[in-house]
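Protein sequences appear in the order of chains P and Z. For reference, each letter of the first sequence is one residue, going 1 to 401 in full-length UniProt numbering. For reference, each letter of the second sequence is one residue, going 1 to 401 in full-length UniProt numbering. Quick notes on the structure that follows.
There are 2 protein chains.
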Amino acid sequence: MAVLQREYGRRRLLQDIRRAGRIPRIALADQTGISRATVTTITAELLQHGLIEEIAPSSDDPDARRGRPRVDLKIRGAAHLVAGGKISNRTLSLVLMDFEGAQLAELEVQLASPRFAPEAMAEVLAGAIDALAAEAGVTRGDISGVGFGIAGIVDATSGMVYWSPSLAERNVEFGTILSARLGLPAFIDNDANLVAVAEKTFGLGQDHSDFIVVTIESGVGMGLVINGELYRGTRGCGAEFGHTKVHLDGALCRCGQRGCLEAYVADYALLREAATMPGADASASAAARIEALLAAARDGDQMARRIVERAGRIFALGLANLVNIFDPGLIILAGEQMQFDHLYAEAVIAEMRQSIVQVDKPPPEVVIHKWGNLMWARGAAAYALDKVSDLALGGLGENAA
Amino acid sequence: MAVLQREYGRRRLLQDIRRAGRIPRIALADQTGISRATVTTITAELLQHGLIEEIAPSSDDPDARRGRPRVDLKIRGAAHLVAGGKISNRTLSLVLMDFEGAQLAELEVQLASPRFAPEAMAEVLAGAIDALAAEAGVTRGDISGVGFGIAGIVDATSGMVYWSPSLAERNVEFGTILSARLGLPAFIDNDANLVAVAEKTFGLGQDHSDFIVVTIESGVGMGLVINGELYRGTRGCGAEFGHTKVHLDGALCRCGQRGCLEAYVADYALLREAATMPGADASASAAARIEALLAAARDGDQMARRIVERAGRIFALGLANLVNIFDPGLIILAGEQMQFDHLYAEAVIAEMRQSIVQVDKPPPEVVIHKWGNLMWARGAAAYALDKVSDLALGGLGENAA
């Protein structure tokens, strides 16, 4: 199978070694269906280029106890360093990882503004990555690639950001701009997609080939994993759950359209309604006003409850639509802020279960996974790992395998 | 790569020969990346088992004109016969196909009732398949497999019909029942899925790896092709577009829930509203009442127009949600009945385009493909072809390849 077979074999073996942590060659052959001879050839090539290394098997290995000579293979952590970053309103979170996925440093930077011109954003990122590298005693030049997650509509393939609440302009080739400023390969993706990558790589999606991640921050995001791969759609920007329509001619959305899910469940939607309540304090911060609304709802204020309950019911309706269309085995509701607990309530999940097509099989599992900003950054780093692996394997060329 | 490689190679080569119609071995090796030696071995095996045959290249082939000896490979039509069927309200449509996909016979049967007990339905199908075989001068025993499409919620893997408007019971193992009655392998699927298979095999989806087919008959169906494969979801019954919710606590649906898309756009939904119009003739047939409503709307009757226009706008909203979630390159609106022209109107498509996330790329192509019942049956036969190919390849066992 010539070139195709060699490329497939390299990718598959590196992936399987990464997933296993440590694994002997024979187990690689068994689980991939690739012949032992080919496994030997390809792993020799990966060893020679320093992407993997041999390691003595752990002492509780039964073969080792019987005294057979055997070595395990593992990813060589020192092969490459990658950074991952994510912007969330005014917080920039970054992690530095080695090629094995071990975290070497982390950093959170508070930003002066929630929106930046593209070049200014690249400048901020470059400074932060220098600081991150210094934390680990290295320099930016030691890093092989940077993954970066941003809210909005992003074409990951081209690095184009069509729109983001964090950027002051539309249709920005931000991947190119960032790459040029850093002098490093930079990989941009929608932040919810990167949460899905993180769940697939480190999290609850490790054992699932098809699952959906729904994220809630100031907007509603979605990442879709089908057949073990992130699904991006034809235009590269699929899975826009927050702008699916839940009401014909409904509430006005920040995107300019009417009836979007976000226009009922996002913080701005709640605040818009809360402003109508008697005694609303328009001078308080958005966070304080949200907190006051949720507290009032908990205390039994009828108007506050009507606002919060409708948001929950509309969110349930949106989730039910995802289930009816995709029939996933698992839905992960990810978010970092306690303020969205009302959307993650048991009553909301129950309403979703009642609104899906009823068949004689269990409904999809719904799990709530609260993430800190650093976990989002880890997703971005995992994406960079994947891309840097591709670059490294591509660099091996077409030598005999 | 041992067994995996051999199985992959057999499937891939048979598939590529089917797609090409006729193709030389060397082109197969080029387009699949499978080595020439392996192509020679596997095609020898397929020839030996009579699944393919050699054929002189067509005279306009440039190599042939230069006098080089070469043969093309093609599927051997006589290798297997398959039947495909589809029930639509009171019409049963059937086709008989050879292994090359050439149609040998067709049959339409008018049914006494729109709903049958499972065993009675199997009985009707057995009689119709005998008649279909007789048309082609063969008998049922000459047929290798039967594909059958039915509206409703179907798990194709197990042949379980959770619910269908055509069956009098729920949770019926109809695949098993039909297979036993026919004495043949029977493959059941949701009818909209089979339209997607037909579009992929014979129709507008041949050159697309990701597309959506939306069907409208008495209900709204959907078939989803992702990466060139039908997507079925975890429970085997994904893609229930007609029961996605378009309104919280909205109109009552036949499924028992509220706010489903079908409850706004299906014929029963239109009739329910039309009954409220002054002068509505409750004694007329459903088809006549739908026709009267649509005629009144065309003639400018305000009430009729409000009914029909809302159905179109809700349909546009549902389509926009599909686009926002999947970002497909192509949407095929399939249907056989002119009565749904109001849903396929340019105004509806335009409203859909305005309701999707706007990026600096063209929106998905939307094409309308009017199918007769026999085309649906061809989809079912194509599905049977696929399944019978798998059975035939499985029967080759693990001989050296």
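A virtual CB, placed ideally from N, CA and C, is assigned to each residue, including glycine.
For this session: Kindly say whether Q257 (chain Z), judged by its beta-carbon, lies nearer than 8 Å to any beta-carbon of chain P.
Result: Taking the second sequence and counting its residues from 1, one reaches residue 257 (chain Z) at position 257. It does: the Cβ of Q257 (chain Z) has a partner Cβ on chain P nearer than 8 Å.
Exercise. Helix, strand or coil for H369 (chain P) per DSSP?
Worked result: The residue labelled residue 369 (chain P) in the question sits at position 369 within the first sequence. DSSP places H369 (chain P) in strand when its eight states are reduced to three.
Exercise. Between which two residues does the alpha helix (DSSP H) containing K200 (chain Z) stretch?
Worked result: Locating residue 200 (chain Z) in the second sequence gives position 200, where the first residue counts as 1. Segment D191 to T201, the alpha helix (DSSP H) holding K200 (chain Z).
Exercise. Using Cβ-Cβ distances below 7 Å, what residues of the segment 163 to 181 of chain P are close to chain Z?
Worked result: Under the 7 Å Cβ criterion, the segment 163 to 181 of chain P contributes N171.
Exercise. Would DSSP call S144 (chain Z) helix, strand or coil?
Worked result: If you number the second sequence from 1, residue 144 (chain Z) lands on position 144. Reduced to three states, the DSSP call for S144 (chain Z) is strand.
For this session: Within its chain, find whatever has a CB closer than 6 Å to the CB of G101 (chain Z); leave out the 5 residues flanking it on each side and keep chain order.
Result: By 1-based counting over the second sequence, the position of residue 101 (chain Z) is 101. None.
Exercise. Under a three-way DSSP split, which group does A382 (chain Z) fall into?
Worked result: Counting from one through the second sequence, the residue named residue 382 (chain Z) turns up at place 382. Correct three-state label for A382 (chain Z): helix.
Exercise. With DSSP run on the structure shown, which of helix, strand or coil describes E7 (chain Z)?
Worked result: In the second sequence, residue 7 (chain Z) corresponds to position 7, counting from 1. Helix at E7 (chain Z).
For this session: With DSSP collapsed to three states, give me the class of F211 (chain Z).
Result: In the second sequence, counting from the first residue as 1, residue 211 (chain Z) sits at position 211. F211 (chain Z) falls in the strand class under three-state DSSP.
Problem set entry | Residue range of the beta strand (DSSP E) that includes V154 (chain P) | In the first sequence, residue 154 (chain P) corresponds to position 154, counting from 1. Note, V154 (chain P): beta strand (DSSP E), I153 to D155.
For this session: Look at the alpha carbon of I34 (chain P) and the alpha carbon of L28 (chain P), and state the distance between them as a whole number of angstroms.
Result: As a working note, residue 34 (chain P) is residue 34 in the first sequence. As a working note, residue 28 (chain P) is residue 28 in the first sequence. Cα to Cα, I34 (chain P) sits roughly 8 Å from L28 (chain P).
Exercise. Can you name, in chain order, every residue of its own chain whose Cβ lies under 7 Å from the Cβ of T176 (chain P), other than the five neighbours on each side?
Worked result: If you number the first sequence from 1, residue 176 (chain P) lands on position 176. Excluding positions up to five away in sequence, the list reads G159.
Problem set entry | L104 (chain Z), DSSP secondary structure in three states | Your numbering for residue 104 (chain Z) matches position 104 in the second sequence. If DSSP states are grouped into helix, strand and coil, L104 (chain Z) belongs with the strands.
For this session: Indicate whether at least one CB of chain P lies closer than 8 Å to the CB of D210 (chain Z).
Result: In the second sequence, residue 210 (chain Z) corresponds to position 210, counting from 1. Closer than 8 Å: yes.
Problem set entry | Classification of L330 (chain Z) by the beta-carbon crowding that lies within 10 angstroms, buried from 16 upward | By one-based count along the second sequence, residue 330 (chain Z) stands at place 330. It is buried - the Cβ of L330 (chain Z) has at least 16 other Cβ atoms within 10 Å.
Problem set entry | Inter-residue Cα distance where the pair is H369 (chain Z) and A263 (chain Z) | By 1-based counting over the second sequence, the position of residue 369 (chain Z) is 369. By 1-based counting over the second sequence, the position of residue 263 (chain Z) is 263. Going from the Cα of H369 (chain Z) to the Cα of A263 (chain Z) covers about 23 Å.
Exercise. Can you give the beta carbon distance from F174 (chain P) to I188 (chain P), rounded, assuming they're within the 8 Å contact cut?
Worked result: Mapped onto the first sequence, residue 174 (chain P) falls at position 174. Mapped onto the first sequence, residue 188 (chain P) falls at position 188. The Cβ separation is near 6 Å, so the contact holds.
Exercise. What's the gap between the Cα of V348 (chain Z) and the Cα of L396 (chain Z)?
Worked result: Translated into positions along the second sequence, residue 348 (chain Z) becomes position 348. Translated into positions along the second sequence, residue 396 (chain Z) becomes position 396. Between V348 (chain Z) and L396 (chain Z), the C-alpha separation is close to 51 Å.
Problem set entry | Between the CA atoms of T43 (chain Z) and A401 (chain Z) - distance to the nearest angstrom | The residue given as residue 401 (chain Z) occupies position 401 in the second sequence. The residue given as residue 43 (chain Z) occupies position 43 in the second sequence. Confidence in A401 (chain Z) is poor, its pLDDT being 37 and thus under 50, which makes the residue's placement unreliable; the coordinate value appears in the next sentence. Cα to Cα, A401 (chain Z) sits roughly 9 Å from T43 (chain Z).
Exercise. CB-CB under 7 Å to D249 (chain Z), same chain, minus the five flanking residues each way: which ones, in chain order?
Worked result: By one-based count along the second sequence, residue 249 (chain Z) stands at place 249. Once the five neighbours on either side are set aside, the close Cβ partners of D249 (chain Z) are R258 and G259.
For this session: Indicate whether at least one CB of chain P lies closer than 8 Å to the CB of V359 (chain Z).
Result: In the second sequence, the residue the question calls residue 359 (chain Z) occupies position 359. By this cut-off, V359 (chain Z) is an interface position.
For this session: Keeping to the same chain, check which residues put their C-beta closer than 6 Å to that of A269 (chain P); ignore five residues upstream and five downstream.
Result: As a position in the first sequence, residue 269 (chain P) is number 269, starting the count at 1. Contacts found: A263.
Problem set entry | N-terminal and C-terminal residue of the beta strand (DSSP E) that G84 (chain Z) is part of | The count along the second sequence starts at 1 and reaches residue 84 (chain Z) at position 84. From DSSP, the beta strand (DSSP E) with G84 (chain Z) extends over L81 to S88.
Problem set entry | Contacting positions in the segment 296 to 320 of chain Z - beta carbon closer than 7 Å to chain P | R313, I314, L317 and A320
Exercise. For a contact meaning CB atoms closer than 7 Å, what does T244 (chain Z) contact in chain P?
Worked result: Start at 1 with the first residue of the second sequence, and residue 244 (chain Z) comes out as number 244. Those are N321, N324 and I325, listed as they occur along chain P.
Problem set entry | CB contact below 8 Å: E54 (chain Z) versus chain P | The sequence position of residue 54 (chain Z) within the second sequence is 54, counting from 1. Taking Cβ atoms only, chain P never reaches closer than 8 Å to E54 (chain Z), which makes this a no.
Exercise. Among all the DSSP beta bridges, which residues are the ones paired with W163 (chain P)?
Worked result: Along the first sequence, one-based indexing puts residue 163 (chain P) at 163. Per DSSP, P:I153.
Exercise. What is the residue span of the alpha helix (DSSP H) that S218 (chain Z) lies within?
Worked result: Here residue 218 (chain Z) refers to the residue found at position 218 of the second sequence. From DSSP, S218 (chain Z) is part of no alpha helix (DSSP H); its letter is neither H nor E.
Problem set entry | Which of helix, strand or coil DSSP assigns to A29 (chain Z) | Walking along the second sequence from the start, residue 29 (chain Z) turns up at place 29. Looking at A29 (chain Z) - three-state DSSP - the assignment turns out to be helix.
Problem set entry | CB of A266 (chain P) within 8 Å of CB of L224 (chain P), strictly | As a first step, residue 266 (chain P) must be located in the first sequence, where it is residue number 266. As a first step, residue 224 (chain P) must be located in the first sequence, where it is residue number 224. The answer is no: Cβ separation not under 8 Å.
Exercise. Which first and last residues belong to the alpha helix (DSSP H) in which A263 (chain P) is found?
Worked result: Translated into the one-based positions of the first sequence, residue 263 (chain P) becomes position 263. E262 to V265 is the span of the alpha helix (DSSP H), which, as asked, contains A263 (chain P).
Problem set entry | Spatial distance of I111 (chain P) from D360 (chain Z) (CA atoms) | On the first sequence, position 111 is the one that residue 111 (chain P) refers to. On the second sequence, position 360 is the one that residue 360 (chain Z) refers to. Note that residue 111 (chain P) is Leu in the sequence shown here, rather than Ile. Their Cα atoms are separated by approximately 29 Å.
Exercise. Closest Cβ-Cβ distance between N193 (chain P) and chain Z: below 8 Å?
Worked result: The residue given as residue 193 (chain P) occupies position 193 in the first sequence. Judged by the 8 Å Cβ criterion, N193 (chain P) is not in contact with chain Z.
Exercise. On the three-pair Cβ rule with 8 Å, is the segment 177 to 185 of chain Z touching the segment 351 to 365 of chain Z?
Worked result: no
Exercise. Is the distance from the Cβ of residue 402 (chain Z) to the Cβ of G84 (chain Z) below 8 Å?
Worked result: Chain Z is shown only over 1 to 401; residue 402 (chain Z) falls outside these bounds and no answer can be derived.
Exercise. When we look at the beta-carbon of residue 406 (chain Z) and count the other beta-carbons within 10 Å, is it buried (16 or more) or exposed?
Worked result: Chain Z is shown from 1 up to 401; residue 406 (chain Z) falls before or after that span and cannot be answered.
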